[in-house]
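Visitor:
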Amino acid sequence: MKKIILIVALSAGLISCQNQNLTLDTSNLEKIPPKGIGNISKDQLKTLPIDYKAPSTKIALKSLPFEVKLPSKLPFESTPFKLQQLQDVRHDGKTIRVEFTAFNKEKNNIKMVSILVTNQKNVTFAGTKKEVKLKNKVKGYIQGKLIYFKNDNITYEIGYTAEDGSNLSDKQLIDLANQMIK
Numbered sequence: 000m001k002k003i004i005l006i007v008a009l010s011a012g013l014i015s016c017q018n019q020n021l022t023l024d025t026s027n028l029e030k031i032p033p034k035g036i037g038n039i040s041k042d043q044l045k046t047l048p049i050d051y052k053a054p055s056t057k058i059a060l061k062s063l064p065f066e067v068k069l070p071s072k073l074p075f076e077s078t079p080f081k082l083q084q085l086q087d088v089r090h091d092g093k094t095i096r097v098e099f100t101a102f103n104k105e106k107n108n109i110k111m112v113s114i115l116v117t118n119q120k121n122v123t124f125a126g127t128k129k130e131v132k133l134k135n136k137v138k139g140y141i142q143g144k145l146i147y148f149k150n151d152n153i154t155y156e157i158g159y160t161a162e163d164g165s166n167l168s169d170k171q172l173i174d175l176a177n178q179m180i181k
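All residue numbers for the sequence shown refer to numbering that gives the first Met the number 0, where the first residue is 0 and numbers rise by one.
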């Protein structure tokens, strides 16, 4: 009987740990040395985030200590999301900032959706913004071409840029945000 209880307890522990990285998994990431910093001391270097690159968006997503669900339906026909930036903010693998971008496939008029996600504490949304309701009782804030929201202690910022100066409607921004909420 003791063996059965021990096996069940160990199995439960392994299953719960298996799906929950508490720190950034750098085993498949490549550290990018800082550029253009000149003569900087080791102490000053420690204040800069550590940048990483990943061989694919999928690997970048799997390496994170939190789950990110990228939108699958954009308001234009797009390329897949690509990793633009992956940073270990405090050099401890726990405080992470990551950015993904997707572009439209049309070459004449460039459009881009960028998604910034971080688990940094005390992130605030400055400036004039409009509060909107997202799914699962999550509050969002629209400010121009951006929508911000927090969910499960993770902060999300979705931005839109277009060469022709066009904007997404509030409804389109809300749809993008809702696709990211579980």
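Each residue gets a CB set at the ideal place from its N, CA and C atoms; glycine is no exception.
Do residue 119 and residue 78 have their beta-carbon atoms positioned less than 8 Å apart in this structure?
Guide: Result no, Cβ atoms of residue 78 and residue 119 do not sit closer than 8 Å.
Visitor: For residue 46, which of helix, strand or coil comes out of DSSP?
Guide: Residue 46: coil per DSSP, three-state reduction.
Visitor: Here's the rule: buried if 16 or more other CB atoms are within 10 angstroms of the residue's CB, otherwise exposed. What is residue 68?
Guide: Residue 68 should be labelled exposed.
Visitor: Classify residue 16 as buried or exposed, calling it buried when 16 or more other Cβ atoms lie within 10 Å of its own Cβ.
Guide: At residue 16, the pLDDT of 41 sits below 50, so the modelled position is not reliable and the matter cannot be decided from this model.
Visitor: So, are the CB atoms of residue 80 and residue 100 less than 8 Å apart?
Guide: Cβ distance < 8 Å, so residue 80 and residue 100 count as in contact.
Visitor: Measure the CB-CB distance between residue 180 and residue 114 and report whether it falls below 8 Å.
Guide: Not closer than 8 Å, so no.
Visitor: Go ahead and pull the three-state DSSP assignment for residue 183.
Guide: No information on residue 183 is available, as it lies outside the stretch 0 to 181 that the chain covers here.
Visitor: Can the beta-carbon of residue 163 be found less than 8 Å from the beta-carbon of residue 141?
Guide: Contact: no.
Visitor: Could you name the residues of the same chain whose beta carbon sits closer than 6 Å to that of residue 24, not counting the 5 residues immediately before and after it, in chain order?
Guide: Result list for residue 24: 62, in chain order.
Visitor: Quickly, what does DSSP pair residue 84 with across the bridge? List them, please.
Guide: For residue 84, which the question treats as bridged, DSSP gives the partners 98.
Visitor: I think residue 66 touches residue 84, with their Cβ atoms under 8 Å apart; what is that distance to the nearest whole Å?
Guide: 18 Å between Cβ atoms; not a contact.
Visitor: For residue 124, which residues from the same chain have a beta carbon less than 8 Å from its beta carbon, with the 5 sequence-adjacent residues on both sides left out?
Guide: For residue 124, where only same-chain residues beyond five positions count, the Cβ hits under 8 Å are 140, 142, 147.
Visitor: My understanding is that residue 178 touches residue 72, with C-beta atoms under 8 Å, so please give their C-beta distance in whole angstroms.
Guide: Indeed they touch by this definition, with Cβ atoms about 7 Å apart.
Visitor: Go to residue 71, then tell me how far its beta strand (DSSP E) extends in each direction, as first and last residue.
Guide: From DSSP, residue 71 is part of no beta strand (DSSP E); its letter is neither H nor E.
Visitor: Can you tell which of 56, 89, 172 has the C-alpha that lies nearest to the C-alpha of residue 48?
Guide: The residue with the shortest Cα to Cα distance from residue 48 is 89.
Visitor: Would you call residue 109 buried or exposed, if buried means 16 or more other Cβ atoms sit within 10 Å of its Cβ?
Guide: Answer is exposed; the Cβ neighbour count stays below 16.
Visitor: Assuming residue 115 is part of the beta strand (DSSP E), what are its boundary residues?
Guide: Counting along the chain, the beta strand (DSSP E) containing residue 115 begins and ends at 110-117.
Visitor: State the DSSP-derived secondary structure class of residue 103, mapped to helix, strand or coil.
Guide: Correct three-state label for residue 103: strand.
Visitor: Might you give, ordered along the chain, the residues of its own chain that have their beta carbon closer than 7 Å to the beta carbon of residue 211, omitting 5 neighbours on each side?
Guide: Nothing in the structure corresponds to residue 211, since the chain is present only between 0 and 181.
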